[in-house]
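To start, the structure itself, in structure tokens.
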Ligand code: SF4
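In my numbering, the protein residues as written are 54 to 525.
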């Protein structure tokens with residue numbers, strides 16, 4: 054972004070020409086953001102226990118200058134909270150965020166103001182993120198007004214005129230017309246509003262922009278235009294992006310590296326191509342499997358939705374948080390059953406442990422214990438075991454038929470407990486800078502099963518959607 058003849062705007066995007074690839078601009082270590090429930094004085098007087106919701110729970114990220122890091126995962130996994138917390142729009146519960154080598158928590162008021170010029174955000178919803186009572190000129194220049202910019206103006210040019218000129222330049226640059234500066238947001242389409250949001254974010258010449266699901270509220274054809282615009286702006290101004298998304302097909306085309314989040318934690322990170330062609334974490338594999346395929350020969354394929362129950366961040370599972378849904382959860386030594394059957398037994402045990410089994414559902418009138426046990430076997434798919442595994446399940450069903458849910462759960466735990474629930478997985482280097490937090494990559498673990506879907510996953514992304522090549 055060129056410094057305009059209206060004088061200094063900000064200190065940031067001039068870095069476009071100064072960008073040094075490979076330097077870390079944002080370094081996040083152990084970032085935590087918890088929300089607390091039952092923590093009022095009344096709750097304390099009533100003896101209620103404080104509950105924490107761990108929206109972000111100890112994540113590490115490095116974002117290098119000039120790159121786009123994708124942060125992906127299902128809704129509610131903590132992606133947006135991460136973006137807002139590392140911009141200090143929310144105060145972290147723990148951990149550190151360094152921006153350009155400085156801990157943002159230690160910024161003075163002046164330094165924080167400067168940081169807010171250098172780091173900006175584009176929000177997901179282009180309808181609610183623009184004040185309907187302001188003209189788009191006022192929206193784009195609001196940051197300049199708040200920060201008292203530009204500091205200097207050419208002779209015979211008021212500061213207000215300089216701001217307006219800046220807004221007109223930005224509107225033109227994001228694909229709108231300077232003539233539209235006095236219009237209101239409701240006069241624009243969704244894609245045009247997102248362009249206004251981007252112009253607003255660029256007004257202060259930032260170096261770093263958090264793009265929080267910037268295209269997920271837009272039609273596919275408009276998404277392509279906005280993605281191309283973001284790509285061009287990055288090249289032109291040397292911007293560094295954190296691109297938050299749940300749509301993996303979008304991420305592939307704009308991100309250099311990807312970090313995958315699940316329930317407040319980063320479970321895998323690596324180069325985009327590596328993540329897409331050879332995912333190392335079962336959750337990443339499942340996310341990729343759920344992406345619609347462009348190839349017509351693949352459109353009839355069976356898509357296995359993630360099995361198991363989505364856990365609450367109030368009470369995340371022990372060990373690996375993905376273990377209640379993981380199709381590759383690791384059986385303990387001595388258990389001799391196929392993976393799907395083992396998964397089913399563990400799901401039955403989890404339901405019992407959480408008190409969500411619902412015994413009455415399996416009691417059809419006056420049915421006897423055998424009928425009760427058979428309906429549980431059919432519902433959870435735990436038929437087909439053999440040896441000690443079958444004996445344990447039979448034993449558990451027997452005590453369950455007597456209404457002893459906790460006992461049944463304990464019997465299943467005693468035999469089927471997985472390392473995935475007793476030990477939180479550490480980060481494992483899977484080669485080429487790809488890191489996955491999964492016990493499958495421990496030296497003493499079994500090798501992960503060859504990915505039968507790998508070819509299918511690759512082909513799913515072979516075709517660059519035509520609409521991604523067509524800028525507005
Ligand atoms: S640690 Fe276990 S449960 Fe977690 S992703 Fe790996 S295999 Fe699945």
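A virtual CB, placed ideally from N, CA and C, is assigned to each residue, including glycine.
In this model, residue 193 and residue 399 are separated by some 54 Å (Cα to Cα). Within a 10 Å sphere around the beta-carbon of residue 471 sit 16 or more other beta-carbons, which makes this residue buried.
The C-beta distance from residue 382 to residue 374 rounds to 12 Å, too long to fall under 8 Å, and the pair is not in contact. Restricting attention to alpha helix (DSSP H) runs no shorter than 4 residues, the segment 368 to 428 encloses them at 392 to 406, ordered along the chain.
Between residue 222 and residue 234, the alpha-carbon positions lie close to 10 Å from each other. CA-CA distance, residue 115 to residue 462, rounds to 42 Å. Here the distance from the Cβ of residue 472 to the nearest heavy atom of the ligand SF4 is below 8 Å. Taking C-beta separations shorter than 8 Å and ignoring five residues to either side along the sequence, the partners of residue 96 in its chain run 103, following chain order. The beta carbon of residue 142 lies closer than 8 Å to those of 174 in the same chain, with the five residues before and after it left out. Nearest C-alpha to residue 367 among 298, 79, 109 and 80: 109. Taken through DSSP and simplified to helix, strand or coil, residue 329 comes out as helix. Secondary structure remark: continuous beta strand (DSSP E) runs of at least 3 residues inside the segment 126 to 204, in chain order: 147 to 152 and 172 to 175. According to the DSSP assignment, residue 232 belongs to no beta strand (DSSP E), since it is labelled neither H nor E. Proximity of the beta carbon of residue 376 to the ligand SF4 is indicated: a heavy atom of the ligand is located closer than 8 Å. Placement of the Cβ of residue 395 at a distance of 8 Å or more from every heavy atom of the ligand SF4 is found.
Counting along the chain, residue 323 sits inside the beta strand (DSSP E) bounded by residues 318 to 324. Between residue 313 and residue 292, the C-beta gap is not smaller than 9 Å, which leaves the two residues out of contact.
A straight-line Cα-Cα distance of about 8 Å links residue 333 and residue 494.
In terms of Cβ geometry, residue 325 and residue 304 form a close pair [threshold 9 Å]. For residue 274, the secondary structure class from DSSP, reduced to helix, strand or coil, is helix. Residue 131 and residue 119 have their C-alpha atoms some 24 Å from each other. A distance of 9 Å or more separates the beta carbons of residue 148 and residue 196. Apart from the 5 residues on each side of it in sequence, residue 302 sits with its Cβ closer than 6 Å to the Cβ of 344 in its chain, given in chain order. Annotated three-state conformation of residue 266 is coil, per DSSP. Taking the C-beta atoms as reference points, residue 438 is found nearer than 9 Å to residue 446. Per DSSP, reduced to three states, the secondary structure at residue 457 is coil, with no helix or strand assignment. In this structure, residue 244 sits near residue 272, with a CB-CB distance shorter than 9 Å. Within the chosen limit of 8 Å, the ligand SF4 reaches the beta carbon of residue 320 through at least one heavy atom.
DSSP, reduced to helix, strand and coil, places residue 118 outside both helices and strands of the structure shown, so it counts as coil. The beta carbon of residue 230 sits closer than 8 Å to those of 224, all from its chain and outside the five residues before and after it, given in chain order. For residue 220, the enclosing alpha helix (DSSP H) starts and ends at 212 to 226.
DSSP places residue 344 in the coil class of the three-state scheme, outside both helix and strand. With fewer than three CB-CB distances shorter than 8 Å, the segment 384 to 400 does not count as touching the segment 147 to 164. Look at residue 302 here: in three-state DSSP terms it is helix.
Rounded to the nearest whole angstrom, the CA to CA distance from residue 406 to residue 306 is 43 Å. Excluding its 5 nearest sequence neighbours in each direction, residue 200 has C-beta neighbours in its own chain below 8 Å: 63, 166, 169, 170 and 257, listed in chain order.
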